[in-house]
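Residue numbers (numbering that gives the first Met the number 0), protein chains in the order written: chain A, 0 to 421; chain B, 0 to 421. Here is the structure we will look at.
Protein chains: 2
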Amino acid sequence: MNIQLLLTGDELMTGVTVDSNSSRIARQLATLGLYIDGKVTIGDRLTDLVAEINRLSDTADVLIVNGGLGPTVDDLTAEALGRAAGKPLGQHPEALDQLETLLARHGLPMNEANLKQTMLPQGCEIIPNPIGSAVGIRLELNNCLVLCTPGVPHELERMLHEQVVPLLRQQFPDTTPLRQSRFHVYGIGESYLQQWIDEALPDWPPSLELGFRAGLPTLEVKITSRAGDSEGLHDGWCTKLHRLLADHIVAVGDGTLEDSLVSLLRQRNLRLATAESATGGEMARMINRVARAGDVFEAGVITSPGRMYTGLLGLEECPGESEVSEAGVRHTVQTLLAGTRADYAVAVYGDPNSGQRGGDQNKGTVWAGWGREGEIRSRQFHFPTGGGIYQSLVAALGLDLVRRALLGLESAPSYYPVGGRN
Amino acid sequence: MNIQLLLTGDELMTGVTVDSNSSRIARQLATLGLYIDGKVTIGDRLTDLVAEINRLSDTADVLIVNGGLGPTVDDLTAEALGRAAGKPLGQHPEALDQLETLLARHGLPMNEANLKQTMLPQGCEIIPNPIGSAVGIRLELNNCLVLCTPGVPHELERMLHEQVVPLLRQQFPDTTPLRQSRFHVYGIGESYLQQWIDEALPDWPPSLELGFRAGLPTLEVKITSRAGDSEGLHDGWCTKLHRLLADHIVAVGDGTLEDSLVSLLRQRNLRLATAESATGGEMARMINRVARAGDVFEAGVITSPGRMYTGLLGLEECPGESEVSEAGVRHTVQTLLAGTRADYAVAVYGDPNSGQRGGDQNKGTVWAGWGREGEIRSRQFHFPTGGGIYQSLVAALGLDLVRRALLGLESAPSYYPVGGRN
């Protein structure tokens with residue numbers, strides 16, 4: 000079984016765009032136990048596209064083409080596939096139908112550029128795209144299944160999940176899917192985590208692949224095995240790992256820290272309010288990316304610590320313009336609880352220029368306060384890192400402190416352990 | 000002149016690692032006016048590597064190989080190049096010399112794994128790597144200049160800058176660098192934009208390449224030409240395009256809408272406050288991603304329209320819990336101006352479930368209010384789209400309305416024009 004990937008787009012050749020789509024495709028195929036054998040990337044030139052489609056389809060069983068399905072003149076995939084297959088383009092009724100439905104839903108008229116997207120090689124089938132105007136194309140060529148997919152990442156993601164993966168599962172029923180268990184961990188660095196697992200679980204079985212993927216703000220730990228091979232082994236070691244990482248695990252599978260928090264708040268019928276200074280809205284933004292987060296998100300405020308009181312929260316004059324203090328975060332949590340309909344509140348104050356200027360005594364210091372009426376906690380943390388990483392880690396800190404409190408976990412977690420475990 | 004890139008590494012095939020090296024290489028070559036014509040990525044398999052080195056060097060003038068120069072068993076580039084060229088590996092004295100110097104500098108002993116890195120195809124030249132143990136390799140094969148470079152990003156970056164670029168400049172003195180002009184547009188869809196340019200500038204010269212890249216929330220328009228070819232032409236048509244797209248252009252080059260807004264506020268010495276409902280903090284977050292945005296960002300609040308008053312802003316009881324209204328946004332802007340130290344304020348209210356539930360009368364309706372003391376404007380917009388796209392587009396709407404107001408541009412922009420221009 001040979002699977003090839005052909006990516007097209009001048010922006011991928013000039014360095015303007017970093018290709019993340021091939022990673023999306025590889026991850027989705029991996030769920031079926033399928034791997035990409037080779038990947039070719041070329042610019043938007045018709046002759047090159049035709050030549051590569053011919054060359055790759057000649058030896059591959061599956062060729063996935065990504066990009067070039069848009070409405071503009073530099074979108075050439077349909078044309079190239081048509082030429083490679085010797086099938087002239089014609090208006091595809093189903094493609095037209097899908098496009099009309101999509102445009103009608105958005106109250107938009109059809110235009111020439113969109114119509115181009117319905118001109119597909121004769122005899123091909125479409126792969127529906129429920130959220131974009133670029134329909135996918137499916138065609139047999141040189142005994143190879145050619146699947147053309149859109150370059151827009153969220154459209155690709157959805158088409159892979161809903162169309163391409165089921166199609167490949169049907170076409171290749173004999174592959175053994177991988178079994179994967181994934182944990183998302185907050186508050187431990189990658190090199191420490193690796194060392195910790197090595198020491199705590201020295202007899203880790205070689206048939207279970209252990210992988211790490213550094214994300215922001217969490218780190219993904221992945222256990223992979225061939226389905227059928229070692230079901231019991233897989234489950235047993237997952238349990239051991241889960242027990243080891245314990246309360247550092249903030250989510251499993253496709254979940255995220257913010258998903259876990261929104262679920263917890265929903266289960267307990269609580270509404271949360273947030274206040275943040277150095278994170279610029281990232282804490283509120285993380286929660287509000289979760290679907291229907293409005294059910295549990297009451298309100299968020301973003302400003303410098305000093306202005307939190309005198310401006311937004313209508314309090315008396317406060318100590319200093321930008322003071323990052325314990326009194327400040329506790330006061331803010333109290334005010335959010337009193338002044339909004341929130342049942343639970345969290346405030347995270349840090350130096351907004353953290354990581355941007357050097358030699359600052361206060362650099363990386365974060366004060367967090369969190370809790371409910373009559374039960375407010377506070378603690379100081381250090382995040383000696385810069386810019387976007389700082390904002391992401393500190394925003395997640397606020398959410399994880401609330402998650403821990405709601406679950407009754409230790410209130411003084413040992414984030415980013417260096418020497419030892421505690 | 001044909002330049003090919005061959006990337007090797009299992010991690011690039013499984014989706015674990017997103018390839019950013021080819022973007023590094025492309026950007027460095029672009030400074031010489033050189034472009035990568037094709038890019039092939041394969042896993043760490045010797046036979047595939049040998050075959051691809053042979054195939055690509057057969058037609059290319061330059062083949063840049065990236066990765067596979069490390070000390071471990073899955074690093075196969077030297078071996079593959081040797082087989083492709085029919086040159087057995089032998090210890091390269093200069094490579095040994097360089098490695099000894101590097102190890103001595105770090106006080107490290109030589110080990111077996113490192114020694115493997117000095118075994119190179121006979122007759123090759125090395126490309127020095129001053130900061131890592133993986134030396135680069137240079138060899139003529141099939142009339143093609145083959146350059147093997149390390150996969151570690153910062154080692155690659157330095158080798159490109161200090162060795163590869165000067166070498167290529169020397170070998171190909173006749174190349175002309177490309178000239179690129181980039182505009183970022185907000186409020187026009189890709190298919191409409193293409194049609195608009197086609198109609199308004201029908202005699203667009205073929206020597207100026209026009210490209211589009213759909214991003215969120217803006218769309219990039221790019222004009223590319225060969226330097227020297229058509230300087231006047233490039234400038235002239237850039238001006239025409241600029242005049243056509245006019246106030247829809249929110250940034251140029253590497254800039255973004257939020258960069259432009261932060262600069263404008265800074266120039267005018269103004270501080271901004273934001274209020275948002277359905278965008279969950281994205282508007283504040285966009286601004287606060289810009290370096291030193293704290294200079295111009297006064298405060299942000301996020302909650303449902305109704306709770307904006309009674310909770311955060313300390314106002315009298317408001318009309319309805321989630322009412323998206325003109326009175327609401329105007330009132331909020333007024334309150335932000337009165338209650339914070341902001342000179343300018345913007346409020347954007349929309350349905351938080353927009354795009355998630357169907358059949359809603361109010362679906363996609365957005366009320367925006369913006370302005371300064373005594374000069375508050377408001378307008379209704381429609382964004383009939385869903386989820387994350389909605390949040391991104393609506394957050395950018397708020398920022399673009401402020402940008403337009405500060406620049407004295409039309410206050411009722413024709414965003415997402417459908418039938419005609421206005």
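Note that beta-carbon positions come from the ideal geometry of N, C-alpha and C, so glycine has one too.
C-alpha distance - residue i paired with residue j, whole-angstrom precision
i	j	result
G81(A)	N128(A)	20 angstroms
I222(A)	C237(A)	7 angstroms
T364(A)	D342(B)	30 angstroms
T273(A)	G299(A)	5 angstroms
L240(B)	A250(A)	49 angstroms
G397(A)	L271(A)	12 angstroms
P482(B)	F171(B)	No information on residue 482(B) is available, as it lies outside the stretch 0 to 421 that chain B covers here.
G106(A)	P383(B)	8 angstroms
I388(A)	N53(A)	44 angstroms
T422(A)	H153(A)	Here chain A comprises residues numbered 0 to 421, so residue 422(A) is not present and cannot be evaluated.
P201(B)	A245(B)	18 angstroms
G327(A)	R267(B)	31 angstroms
E99(A)	E139(B)	55 angstroms
V164(B)	D234(B)	28 angstroms
S229(B)	P204(B)	10 angstroms
I375(A)	T217(B)	42 angstroms
E409(B)	R402(B)	11 angstroms
S377(A)	E325(A)	7 angstroms
D294(A)	T339(A)	15 angstroms
Same chain, Cβ closer than 8 angstroms to residue i, neighbours up to 5 away in sequence not counted
i	result
T71(A)	A112
H247(A)	V184, Y185, G186, I187 and P412
L88(A)	A77, E78, G81, M118, L119, P120 and Q121
Assigned exposure category for residue i - 16 Cβ within 10 Å defines buried
i	result
E275(B)	buried
I2(B)	buried
T331(A)	buried
Q90(A)	exposed
M0(B)	exposed
D96(A)	exposed
A77(A)	buried
L232(B)	exposed
R284(A)	buried
Q27(A)	buried
N65(B)	buried
A103(B)	exposed
L45(B)	exposed
G85(B)	exposed
G407(A)	exposed
R178(B)	buried
Same chain only: Cβ atoms within 6 angstroms of residue i, ignoring 5 sequence neighbours per side
i	result
G357(B)	Since pLDDT at G357(B) reaches only 41, below the 50 mark, its modelled position is unreliable, and the value read off the structure follows with that caveat. Cβ within range, chain order: n/a, list empty.
A344(A)	A272, V332, L335 and L336
L405(A)	L263
G37(A)	Q3
I35(A)	I2, L4 and A25
Cutoff 7 angstroms; reference residue i; Cβ partners in own chain excluding five residues on either side
i	result
D43(A)	T7, G8, D9, G67, D73 and L75
A279(B)	At residue 279(B) the sequence reads Gly, which differs from the Ala that was named. Closer than 7 angstroms at Cβ, skipping near neighbours: I301 and Q390.
I41(B)	T7, D47, L48 and E51
L400(A)	V345, A367 and W369
E156(A)	R23
A292(B)	V261 and I286
Span of the alpha helix (DSSP H), counted from its first residue to its last, around residue i
i	result
S259(A)	L256 to Q266
A25(B)	N20 to A29
A250(B)	No alpha helix (DSSP H) holds A250(B); the beta strand (DSSP E) holding it covers I248 to V251.
I286(A)	E281 to N287
A50(A)	L45 to T58
A337(A)	E325 to G338
E409(B)	No alpha helix (DSSP H) holds E409(B); DSSP gives it neither H nor E.
R242(B)	E230 to L244
Opening and closing residue of the beta strand (DSSP E) in which residue i lies
i	result
S377(A)	E374 to H381
G299(B)	F296 to T302
L6(A)	I2 to T7
### Task
Enumerate, from N- to C-terminal direction, the unbroken beta strand (DSSP E) stretches of 3 or more residues contained entirely within the region 139-205 of chain B.
Complete beta strand (DSSP E) runs here, min 3: 143-148 and 177-184.
### Task
Just list the beta strand (DSSP E) runs in the region 76-141 of chain A, keeping only unbroken ones of 3 residues or longer that don't cross its boundaries, in chain order.
The beta strand (DSSP E) runs of length 3 or more contained entirely in the region 76-141 of chain A are, from start to end of the chain, 88-90, 118-120, 124-126 and 135-140.
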